[in-house]
Amino acid sequence: MTAEGGRRHRVLVVEDEDNIAIALDYLMTREGYEHDRIANGAEALARIKATHPDLVLLDVMLPEVSGYEICQGVRLDPTLADVKILMMTARGSAIERRKGLALGADGFISKPFELKELREEVRRLLVTEG
Numbered sequence: 001m002t003a004e005g006g007r008r009h010r011v012l013v014v015e016d017e018d019n020i021a022i023a024l025d026y027l028m029t030r031e032g033y034e035h036d037r038i039a040n041g042a043e044a045l046a047r048i049k050a051t052h053p054d055l056v057l058l059d060v061m062l063p064e065v066s067g068y069e070i071c072q073g074v075r076l077d078p079t080l081a082d083v084k085i086l087m088m089t090a091r092g093s094a095i096e097r098r099k100g101l102a103l104g105a106d107g108f109i110s111k112p113f114e115l116k117e118l119r120e121e122v123r124r125l126l127v128t129e130g
C-alpha cells in the first residue's frame with residue numbers, strides 16, 4: 001500500500017519478542033509496507049523521530065521504557081502528530097485499552113492476535129491518514 005506521492009507506507013515495529021516480531025515482519029512484507037523493527041523501548045522514541053514512520057506497532061511491555069511512555073512521548077512532539085500508533089499487549093483488559101487510548105494511541109490490539117485482525121487494523125489506520 002502506498003502513501004501520498006506514491007511512496008510505500010513506513011511501519012516501525014517496536015517489539016521485544018522475536019517470535020511476534022517475525023510474524024509482524026512477514027505480514028508487513030506481504031502487505032508491501034516498508035518496515036523496520038527495534039526491540040528496545042529506550043531507543044524507540046529516537047528512532048521514531050529520526051524515521052518518522054506512518055505507523056508504529058508498539059508493544060506495551062518493553063525493556064527499559066514502556067509502550068505507554070513511548071506513546072506519550074510521540075504525542076508530546078508536535079512534529080510527530082501524523083504518526084499513527086497501534087498498541088499491542090498481552091494484557092488486553094479494558095483498563096489497559098483505555099490507558100493506551102487516553103495517552104493518544106490510535107488503536108489497540110490484544111496478543112495473541114489473528115494476522116487478519118492485525119492486517120485490517122493496520123489498513124484502517126493507514127487509510128485514514130492525511
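Take the sequence shown: its position 114, counted from the start at 1, is 114 in UniProt numbering, and no numbers get skipped.
Backbone N, C-alpha and C fix where the C-beta goes; we use that ideal spot for every residue, glycine too.
Compute the beta-carbon to beta-carbon distance between residue 85 and residue 106, rounded to the nearest angstrom, for a pair I have assumed lies under 8 angstroms. By one-based count along the sequence shown, residue 85 stands at place 85. By one-based count along the sequence shown, residue 106 stands at place 106. Going by Cβ atoms, the distance from residue 85 to residue 106 rounds to 5 angstroms, so yes, they are a contact pair.
Sheet register partners of residue 110 (DSSP bridge): Position 110 of the sequence shown, counted from the first residue, corresponds to residue 110. DSSP, once it has assigned bridges, lists 89 as partnering residue 110.
Run the CB neighbour count on residue 50, radius 10 Å, all protein chains shown included, and call it buried at 16 or more, exposed below. For this step, residue 50 is matched to residue 50 along the sequence shown. By the 10 Å Cβ count, residue 50 comes out exposed.
Could you tell me which of 57, 16, 25 sits nearest to residue 126, measuring between CA atoms? Counted from its first residue, the sequence shown places residue 126 at position 126. Comparing Cα-Cα distances from residue 126 to each of 57, 16, 25, the minimum goes to 57.
Return the residue from the list 41, 8, 23, 45 that minimises the CA-CA distance to residue 75. Here residue 75 is taken as the residue at index 75 of the sequence shown, counted from 1. Nearest of 41, 8, 23, 45 to residue 75, Cα basis: 45.
Those runs of the beta strand (DSSP E) which lie wholly inside the UniProt domain "Response regulatory" (10–126) and span at least 3 residues: Counting whole runs of 3 or more residues, the UniProt domain "Response regulatory" (10–126) contains the beta strand (DSSP E) stretches 10–14, 34–38, 55–59, 84–89, 107–110.
Residue 91 classed as buried or exposed, judged by whether at least 16 other C-beta atoms fall within 10 angstroms: On the sequence shown, position 91 is the one that residue 91 refers to. By the 10 Å Cβ count, residue 91 comes out exposed.
So, residue 64 versus residue 42, is the Cβ gap smaller than 8 angstroms? Numbered from its first residue, the sequence shown carries residue 64 at position 64. Numbered from its first residue, the sequence shown carries residue 42 at position 42. It is a contact, given that the beta carbons lie within the stated cut-off.
Assuming residue 61 contacts residue 89 (C-beta within less than 8 angstroms), just tell me the rounded distance between them. The residue given as residue 61 occupies position 61 in the sequence shown. The residue given as residue 89 occupies position 89 in the sequence shown. Going by Cβ atoms, the distance from residue 61 to residue 89 rounds to 7 angstroms, so yes, they are a contact pair.
Go through its chain and collect everything with a Cβ distance to residue 72's Cβ below 8 angstroms, but skip five positions before and after it. Counting from one through the sequence shown, the residue named residue 72 turns up at place 72. Closer than 8 angstroms at the Cβ level, and outside the excluded window around residue 72, lie 103, 104.
Straight-line CA distance for residue 115 to residue 48? The count along the sequence shown starts at 1 and reaches residue 115 at position 115. The count along the sequence shown starts at 1 and reaches residue 48 at position 48. Taking the straight line joining both Cα atoms gives about 24 angstroms.
Rounded to whole angstroms, how far is the Cβ of residue 11 from the Cβ of residue 38, which I believe are closer than 8 angstroms? Along the sequence shown, read from residue 1 onward, the residue named residue 11 stands at position 11. Along the sequence shown, read from residue 1 onward, the residue named residue 38 stands at position 38. About 12 angstroms; that fails the 8 angstroms criterion.
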